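As they're listed, the protein sequences go chains A and B. If you count by this note's numbering, then the first sequence holds residues 1 to 153, one letter each, in order. If you count by this note's numbering, then the second sequence holds residues 154 to 782, one letter each, in order. Everything below concerns the one structure shown next.
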Amino acid sequence: MKVSAILEKYGRKPSRLVPILQAVQEEYRYLPKEVLTYVAMVLDVSPARVYGVATFYSHFAIEPKGKHLIRLCDGTACHVKDSVPILDAIRKRLKLDGKQTTTGDMLFTVETVACLGACGLAPVVVVDGQAHGQMTPESGVEIIEGIISSEQS
Amino acid sequence: MSTRILNISDMAGGNGAKTQRRVIVCAGTGCVANGSYEVVQAFAEQITAAGISVTTEFKAEQSAHDLRLNKSGCQGFCQMGPLVTILPDGILYNKVKVGDVPEIVSKTLVGNEVIDRLLYVDPATKTHCKGIDDIPFYQRQQRFVLKECGVIDPEEIQEYLYHGGYKAAKKAVLEMTQEEIVSEILKSGLRGRGGGGFPTGRKWEAARVQKSAKKYVICNADEGDPGAFMNRSVMEGNPHSVLEGLMIAARAIGADETLIYVRTEYPLAVARMKRAVEDAQKMGFLGDNIFGSGQSLNCEVMEGAGAFVCGEETAMIASIEGQRGMPRPKPPFPAQSGLWGKPTIINNVETLAHVVRIINQGADTFRELGSPASPGTKTFALTGHVANTGLVEVPFGTTLREVVLNIGGGITDRRGKVKPNGFKAVQIGGPSGGCLTQEHLDLPLDYDSLRSVGAMVGSGGLVAMNEKTCMVSIARFFMDFTQRESCGKCVLCREGTRQLLAMLDDIIEGRATGETLVLMEKLALAVQKGSLCGLGKTAPNPVLSTLRYFRHEYDAHVFHKHCPTGQCKALAKPSIDPAKCKGCTACAKKCPVGAITGEKKKPHVIDQAKCIVCGACADTCKLEAVVGV
């Protein structure tokens, strides 16, 4: 099992909990509950401690994420350059309501991040790890359409 | 091994690199997003096709005829990327596309001809600028921390060595006592570049005098301020300078373990710092017996996990120890009892990069720039509604006007055109800072002057805003951020920021009364007093500072239910100025709900009952006849 190898790599030290969870998330794309319990057992700490750390940091997800990850930067520079209308347009296209971030078909997860540090290109949208700069609501939706049509073909 | 290490300049590979021609493609985050990797690839192919010999490895035996193709770190002029520099000619091409590469190879590299259309055109004078030295954006800066960014290959330790790298670390380890290092830093007056501006030397001295066999130095690279990317650029562009500063700090306090805590949102910076650490280990600068001194020093790169509060020293320590990143009361200060209860100093990326220069050139040289109480230079990330966004390094004491209007090239409107009188405000210091207005344009920027007007240097984010920006929604934006990032330990920070956000929402959505403003101000002051760490103490700053300088905008929202900029949708009442409207029908065609009617060539009107305040009409109108949205 991969989790065992990860725990081994970090010497089963509770002090390395953050990098351990990062490695687990890299593997599963989120932190499944049963894995968190297993990690707690091996590290000999309470599941509450592991869960507490996993829910404290915004980088960790305890819900599964969609196949394609859309991260919209809403740092100050992107915000003043109208990042919110881009988010609205993308969410509308994907029919995401309220606080929902992942589409029902598990194809997309749409998140905002505080700042990606690419402020010179504001507003920025990162699609599956690739940054796109100087975006507009139209170009944002265009990227989504592109992914949808490539998924269908 | 030690004899080899003692001659650092020999290891850098002689003069071979100086005479040969180099093509440097910027590979900072901004340029990569604009396709700089593809440009590098195209260069490699085209150069080979043209029959020019090209090397991608740094070798001592290269001949002067060899052409060297490099990737560099961020050059700070991000919106003009991908940037391609050709040395020693000193040519800077901007916005280079893959399709431009064959022309650059045939005309510039083979034919020694400059291609005008790829040069930067100064918007003010319309002249073509051949290289960095001719571009006003760079001309007006004084770059030290950023000097080598964009020139050296950040993934090649030899290039750093060639530019005089690791001499300061070697000097600190082999020739200086701990007291000498600390006293030099004290003399320099260096203050922490990460936010508070605490004197670095005093921090070091406090840790140095502790009697402990184990001490730690942590480099704070958790640059969480939205709108700031100075540390990212330094780590991506010149990671060894940060590492060298860290080594000097470790030597100064007698630490044998160091750690670099980098934001996980900066994958390229993480990769480059890791590479730098590995290369330094191979060279014998890290590990056992560093520089042949018999001392050992280790360094680890750790990624954060997306919590702004971890930029606070004690929260960062908790995070490194595998806990929730929550701050604890000080004292004891980390210098007395930090990581694992041992004396620990935590310095910002930029602070450490300055340390290298102070050890190399002395405290007096460092003090030549800047003001007496804030010596040296500071990098700022200039973004928002300015013509030139990017990284700016200027001495402390430079005025806001110089940075924003001269280096930044002026304020732009929503279409990106420079507007002569468009300046409204600058937010400095991110969510902990405040705003500066027209009246502060001639204020010299330093730690103390900014504090006196209710703002702070912070890490150095400077977000310029034009007159179409609603200051109430800016305050709401920052409050939303700090409210989410509050770790929840202190009641006033956890609940207070949430209440402040709710009040701002009331104001923006038209539910507020005069009492809301009184209550908001009172609560803001209470949150400042009742919070443990910097996050809570400074969280109300954006509210207090916008209340101080833009009270009339709050009043308009609260008492007249009107947003002067039209940005707050709930209060916006878009209308068409009949004097400006020429009846081109463009807005009517664009309106998604058919709320705009009117005859051709006659002023149009907006039906308020149908209007959904989407702003599409205002975006479409070239005559700016749509007002109030």
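For every residue, glycine included, the Cβ atom is placed at its ideal position computed from N, Cα and C. Note that this is a predicted model, so its numbers are computed, not measured.
Item	Value
One or two residues paired with C588(B) in a DSSP bridge	Q580(B)
Proximity test, Cβ basis, 7 Å: V84(A) and chain B	no
Any C-beta of chain B under 7 Å from that of S58(A)	yes
Closer than 6 Å: K755(B) CB and nearest the ligand FMN heavy atom	In the structure on display, the ligand FMN does not appear, and there are no ligands present to speak of.
Meets three-Cβ-pair contact criterion under 8 Å: the segment 716 to 727 of chain B and the segment 381 to 390 of chain B	no
Check whether C302(B) and P235(B) have beta carbons under 7 Å apart	no
Extent of the continuous beta strand (DSSP E) run through H132(A)	130 to 132
Endpoints, the alpha helix (DSSP H) within which H705(B) is located	704 to 712
Exposed unless 16 or more other CB atoms sit within 10 angstroms - verdict on A213(B)	Residue placement at A213(B) is poorly supported in this model, since its pLDDT is 48, which falls under 50; the coordinates still yield a value, given next. With fewer than 16 Cβ atoms within 10 Å of its Cβ, A213(B) is classed as exposed.
Whole-angstrom distance between R12(A) and G475(B), CA atom to CA atom	12 Å
Straight-line gap, L116(A) to C643(B) (C-alpha atoms, nearest Å)	28 Å
Own chain, CB closer than 6 Å to S684(B), minus 5 neighbours either side, in chain order	C643, L645, C646, K690
Bridge partners - F108(A), DSSP secondary structure assignment	H68(A)
Reduced DSSP category for T622(B) - H, G, I as helix; E, B as strand; rest coil	coil
CA nearest to the CA of V141(A), picked from A114(A), P85(A), C119(A)	P85(A)
Selection of the segment 474 to 508 of chain B by Cβ proximity to chain A, strictly under 9 Å	E474, G475, Q476, R477, G478, M479, W493
C-beta atoms of L343(B) and H507(B) nearer than 7 Å	yes
Cross-chain neighbours of R16(A) in chain B, by beta carbon under 9 Å	G475
Chain D contact residues for T280(B), given Cβ-Cβ distances below 7 Å	Any reference to chain D falls outside this structure, whose protein chains are A and B.
Given 8 Å, three or more beta-carbon pairs between the segment 296 to 310 of chain B and the segment 370 to 379 of chain B	no
For G523(B), the residue or residues it bridges with in DSSP	P528(B)
Cβ distance (whole Å) where H713(B) is taken to contact C734(B) below 8 Å	Not a contact, Cβ separation roughly 25 Å.
Selection from V251(B), C231(B), D772(B) that minimises the alpha carbon distance to L544(B)	C231(B)
Whole-angstrom distance between V556(B) and L598(B), CA atom to CA atom	10 Å
Interface residues of the segment 415 to 435 of chain B facing chain A [CB-CB below 9 Å]	R416, T417, E418, Y419, P420, A422
Amino acids of chain B, ordered along the chain, whose beta-carbon sits closer than 7 Å to that of G75(A)	P379, G380
Members of the segment 4 to 34 of chain A near chain B, C-beta cut-off 8 Å	K13, P14, S15, R16, L17, V18, P19, L21, Q22
Residue from D659(B), S527(B), S490(B), N574(B) whose Cα sits closest to the Cα of M609(B)	S527(B)
R346(B) at chain A interface by Cβ criterion, 7 Å	no
Residue closest to G75(A), alpha-carbon to alpha-carbon, out of V125(A), E63(A), S139(A), E145(A)	V125(A)
Chain B contacts from the segment 120 to 151 of chain A (Cβ-Cβ distance under 9 Å)	G120, L121, A122, V124, V126, G129, Q130, A131, H132, G133, Q134
Rounded straight-line distance, which links the Cα of C716(B) to that of L700(B)	15 Å
Extent of the continuous alpha helix (DSSP H) run through R49(A)	47 to 56
Test: A213(B) CB closer than 7 Å to a CB of chain A	Reliability fails at A213(B), whose pLDDT of 48 lies under 50, so the model's placement of it is uncertain and the value that follows must be treated cautiously. No - not a single Cβ of chain A is within 7 Å of the one on A213(B).
Residue-level contact to chain A via CB, R651(B), 7 Å cutoff	no
Buried or exposed by the 16-neighbour rule on C-beta atoms within 10 Å, applied to G129(A)	exposed
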